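Residue numbering for the sequence shown is 3 to 433, as defined by the numbering used here.
Here the structure comes first, spelled out in structure tokens, and everything after it is commentary.
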Amino acid sequence: MSVPTRNWAGNQRCHPMGVHEPTSTADIVRIVTAAHAAGERVKVIASGHSFTDTAMTDGHLVSLDAMKQVLSTDGHDVTVQAGIRIHALNNELASRGLALPNLGDIAYQSIAGATATATHGTGAGLGNISTRIVGLEMVTGDGTIMRADEQNDPELLRIARVSVGALGILTEVTLRCVPAFNLHAVETIEPLHDVIADFRTVMHSTDHVEFYMMPGARRCQVKRNTVTDAPAAPQSKAAYIRDKWIGENLAFGTVCRVGRRFPKMAPKVAKLVMSAASERELIDRSDRIFASPRKVRFLEMEYGVPLDAVPDALGRIEALVKTLPVKPMFPIEVRCSAADDIPLSTGNGRASGWIAVHQYIGVPYEAYFQGVEQIMNDYIGRPHWGKLHYQTAATLAHRYPEWDAFQAFRRKLDPTGTFRNAYTDRVLGSV
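Written as structure tokens, this is what we have:
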């Protein structure tokens, strides 16, 4: 029976022929084997937090929500079922005195979805979440179980850590963690010109740096998070509710709705958003600093470009925004991450400066996003696989030095296209 399904943002919908909720790898083998024999397709969905149609299908949709257990701990290596959500994983790791060294600012995703799309945080010396995978188990296109780690089939491990769901269904991952740590968070309001003029120094000034800027504004919010041995000194519960729930969600959502209802007010709304940003300082458990609640729904595009290209790209985006009939109400988010050796990772072979643009749901975004993408193309920009973009396999292949290595494994692991969908056909090509 067809079960309508949509993603978190509501911009992607599908009607799969059935939805499955396996509890084990054996269950997934049965689902994939039957679909393969019938010539049907299979895709996996978890939180649905991708803005693209990467998880959409008219075939069999598999939810990993019941596969969320921590299976084993061996020193700093923790093996989990691939459906575990990052916020739950953070708590499990903390109870074992461990943590991931870097995370994004949203923790609703499953570890399978986050790693398949090369989700990242910020930190000039740190790679994306996928770089922490040192072992994995997956079910390939004909129902075969394959396992890989640093000693056994290391090339499969290297390639499958970022797969955009095109190689198989990830069922287990082993993550190399670090001892649990606190972060000293310092959030300041600074002159935008100074931050951009000294961009590389700012982004290397401590362990994790990011900033938020509104096109046309003179000041920006800079967040610096530094690893510390100091004891936690978090915000009070009242201050947290005020800043995170009322300020960043309730009040922000209200002003966005006003801007959507009265488009001519959008520039004033945008200025109000940035003027409401405040300075603060606290120390807390790392994952509590990295991630924040996100209740205001939006659409997002994010590109990785060479680090030194970021200042020029931001100036061009500011010029673009002046020409748009509908102005963005969200600030631009700027981050960075280290290079890695994963073929389909957006960080393959180069350090990245990240530029993310957003728009509130229900507000026209196409001219903004398409204009930004044209700018990013000039820097050989690589789009985040889980965020909106308009690229195709033809435009992306030359941007990844090991594109052919990934495609060879795809032909080997899923030669008949069990895991194909419209998105993989567009961005990776058909099998």
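Note that beta-carbon positions come from the ideal geometry of N, C-alpha and C, so glycine has one too.
In this text, all values refer to a predicted model and were calculated from it rather than measured experimentally.
**OP:** Please determine, among Ile108, Thr230 and Asn92, the residue with the shortest C-alpha to C-alpha distance to Ala101.
**Re:** Walking along the sequence shown from the start, residue 101 turns up at place 99. Of the candidates Ile108, Thr230 and Asn92, Asn92 places its Cα closest to the Cα of Ala101.
**OP:** Answer yes or no: do His62 and Ile33 have a C-beta to C-beta separation smaller than 8 angstroms?
**Re:** Start at 1 with the first residue of the sequence shown, and residue 62 comes out as number 60. Start at 1 with the first residue of the sequence shown, and residue 33 comes out as number 31. Yes, the Cβ-Cβ distance between His62 and Ile33 is below 8 angstroms.
**OP:** Label Glu304 either buried or exposed according to how many other C-beta atoms from any shown protein chain fall within 10 Å of its C-beta, with 16 as the threshold for buried.
**Re:** The residue labelled residue 304 in the question sits at position 302 within the sequence shown. Answer is buried; the Cβ neighbour count reaches 16.
Original post:
Distance, Cα to Cα, Gly255 vs Val298?
Top reply: Along the sequence shown, read from residue 1 onward, the residue named residue 255 stands at position 253. Along the sequence shown, read from residue 1 onward, the residue named residue 298 stands at position 296. Rounded to whole angstroms, Gly255 to Val298 spans 6 angstroms at the Cα level.
Original post:
If Ile47 sits next to Ser65, beta carbons under 8 angstroms apart, how far is it from one beta carbon to the other, in whole angstroms?
Top reply: Stepping through the sequence shown from its first residue, residue 47 is reached at position 45. Stepping through the sequence shown from its first residue, residue 65 is reached at position 63. Right, their Cβ atoms sit about 6 angstroms apart.
Original post:
Which ranges would you report for the beta strand (DSSP E) in the segment 104-187 if only whole runs of at least 3 residues count?
Top reply: If we require 3 residues or more, the beta strand (DSSP E) runs fully inside the segment 104-187 come out as 135-141, 147-151 and 171-178.
**OP:** Measure the CB-CB distance between Gly7 and Ala168 and report whether it falls below 8 angstroms.
**Re:** Numbered from its first residue, the sequence shown carries residue 7 at position 5. Numbered from its first residue, the sequence shown carries residue 168 at position 166. Contrary to the premise, residue 7 reads as Thr rather than Gly in this sequence. No.
Original post:
Bridge partners of Cys338, per DSSP?
Top reply: Translated into the one-based positions of the sequence shown, residue 338 becomes position 336. Beta-bridge pairing links Cys338 to Gly355.
**OP:** Check Met58 in the structure and name its three-state DSSP category.
**Re:** Along the sequence shown, one-based indexing puts residue 58 at 56. Three-state DSSP puts Met58 in coil, outside helix and strand.
Subject >> Residue environment, Gly99, which counts as buried when at least 16 other CB atoms sit within 10 Å >> reply: Counted from its first residue, the sequence shown places residue 99 at position 97. By the neighbour-count rule (16 or more Cβ atoms within 10 Å), Gly99 is not buried but exposed.
Original post:
Using 8 angstroms as the threshold, is the segment 206-213 in touch with the segment 115-125, meaning 3 or more CB pairs across them?
Top reply: Contact between the segment 206-213 and the segment 115-125 is established, with three or more Cβ pairs separated by less than 8 angstroms.
**OP:** Would you kindly check if the distance between the Cβ of Ile191 and the Cβ of Glu281 is under 8 angstroms?
**Re:** Taking the sequence shown and counting its residues from 1, the one referred to as residue 281 is at position 279. Taking the sequence shown and counting its residues from 1, the one referred to as residue 191 is at position 189. The answer is yes: Cβ separation under 8 angstroms.
Subject >> Sequence-distant residues of the same chain with beta carbon closer than 6 angstroms to Ala353, five excluded per side >> reply: What you label residue 353 is simply residue 351 of the sequence shown in a count that begins at 1. For Ala353, the CB contacts under 6 angstroms within the same chain, skipping 5 residues up- and downstream, are Leu309, Ala340 and Ala341 in chain order.
Original post:
Beta carbon of Thr173, beta carbon of Glu139: below 8 angstroms?
Top reply: To locate residue 173, count along the sequence shown from 1; it is residue 171. To locate residue 139, count along the sequence shown from 1; it is residue 137. Contact: yes.
Subject >> Alpha carbon of Gly77 to alpha carbon of Asp55, nearest angstrom >> reply: Here residue 77 is taken as the residue at index 75 of the sequence shown, counted from 1. Here residue 55 is taken as the residue at index 53 of the sequence shown, counted from 1. Their Cα atoms are separated by approximately 37 angstroms.
**OP:** Have a look at Thr208, Pro193 and Thr146 and flag the residue whose alpha-carbon is nearest the alpha-carbon of Cys222.
**Re:** Mapped onto the sequence shown, residue 222 falls at position 220. Comparing Cα positions, the closest option is Pro193.
Original post:
For Ala232, which residues from the same chain have a beta carbon less than 8 angstroms from its beta carbon, with the 5 sequence-adjacent residues on both sides left out?
Top reply: Working through the sequence shown from its first residue, we reach residue 232 at position 230. So the list reads Asn184, His186 and Ile285, once near-sequence residues are dropped.
Subject >> Ile88 in three-state terms, based on DSSP >> reply: Numbered from its first residue, the sequence shown carries residue 88 at position 86. Collapsing the DSSP output to three states places Ile88 in a helix.
**OP:** Quick one: grab the DSSP three-state call for Lys266.
**Re:** Reading the sequence shown from its first residue, position 264 is the one you call residue 266. In the three-state DSSP reduction, Lys266 falls in the helix class (H, G or I).
**OP:** Please state whether DSSP places Leu309 in a helix, a strand or coil.
**Re:** What you label residue 309 is simply residue 307 of the sequence shown in a count that begins at 1. Per DSSP, reduced to three states, the secondary structure at Leu309 is helical.
Original post:
For the beta strand (DSSP E) that contains Lys225, what are its first and last residues?
Top reply: As a position in the sequence shown, residue 225 is number 223, starting the count at 1. Here the beta strand (DSSP E) through Lys225 covers Arg221 to Thr230.
Original post:
For Arg8, which three-state DSSP category applies?
Top reply: Here the question's residue 8 lines up with position 6 in the sequence shown. In the structure shown, Arg8 adopts extended strand secondary structure according to DSSP, grouped into three states.
Original post:
DSSP on Asn379, reduced to helix/strand/coil?
Top reply: Position 377 of the sequence shown, counted from the start, is the residue given in the question as residue 379. Annotated three-state conformation of Asn379 is helix, per DSSP.
Original post:
By DSSP, does Glu94 sit in helix, in strand, or in coil?
Top reply: On the sequence shown, position 92 is the one that residue 94 refers to. In the three-state reduction of the DSSP assignment, Glu94 falls in the helix class.
**OP:** Evaluate Lys45 with the Cβ neighbour count: other Cβ atoms within 10 Å of its Cβ, from every protein chain shown; 16 or more gives buried, anything less gives exposed.
**Re:** Here residue 45 refers to the residue found at position 43 when the sequence shown is read from its first residue. Counting of Cβ neighbours within 10 angstroms places Lys45 among the buried residues, the total reaching 16 or more.
Original post:
Are the Cβ atoms of Pro18 and Thr59 separated by less than 8 angstroms?
Top reply: Numbered from 1 along the sequence shown, position 16 holds the residue referred to as residue 18. Numbered from 1 along the sequence shown, position 57 holds the residue referred to as residue 59. Judged by their CB atoms, Pro18 and Thr59 are nearer to each other than the 8 angstroms cut-off.
**OP:** Would you kindly report the start and end of the unbroken beta strand (DSSP E) that includes Phe292?
**Re:** Here residue 292 refers to the residue found at position 290 when the sequence shown is read from its first residue. Phe292 -> not in any beta strand (DSSP E); alpha helix (DSSP H) instead, spanning Ser288 to Phe292.
**OP:** Confirm, please, whether the CB-CB distance from Ile377 to Arg318 is below 8 angstroms.
**Re:** Position 316 of the sequence shown, counted from the first residue, corresponds to residue 318. Position 375 of the sequence shown, counted from the first residue, corresponds to residue 377. A contact, by the Cβ cut-off of 8 angstroms.
Original post:
Run through DSSP, which three-state label would Ala68 get?
Top reply: Counting from 1 along the sequence shown, the entry for residue 68 is found at position 66. Per DSSP, reduced to three states, the secondary structure at Ala68 is coil, with no helix or strand assignment.
Original post:
If Gln441 and Pro330 are in contact, beta carbons under 8 angstroms, what's the gap, nearest whole angstrom?
Top reply: Since the first residue of the chain shown is 3 and the last is 433, residue 441 is not available in this structure.
Original post:
So what does Gly20 bridge to, in DSSP terms?
Top reply: Taking the first residue of the sequence shown as 1, we reach residue 20 at position 18. According to DSSP, which records beta bridges pairwise, Gly20 is partnered with His62.
**OP:** Report the residue from Leu301, Ala199 and Gly137 whose alpha carbon sits nearest the alpha carbon of Val365.
**Re:** Taking the sequence shown and counting its residues from 1, the one referred to as residue 365 is at position 363. Selected option, being the one with the closest Cα: Leu301.
Subject >> Val44 (DSSP reduced to helix, strand or coil) >> reply: For the purposes of this step, residue 44 is taken as residue 42 along the sequence shown, with counting starting at 1. Three-state result, Val44: strand.
**OP:** Kindly give me the distance between the Cβ atoms of Gly129 and Gly349, rounded to whole angstroms, as I take these residues to be in contact under 8 angstroms.
**Re:** Here residue 129 refers to the residue found at position 127 when the sequence shown is read from its first residue. Here residue 349 refers to the residue found at position 347 when the sequence shown is read from its first residue. The beta-carbon separation of Gly129 and Gly349, rounded to 6 angstroms, stays under the 8 angstroms limit for a contact.
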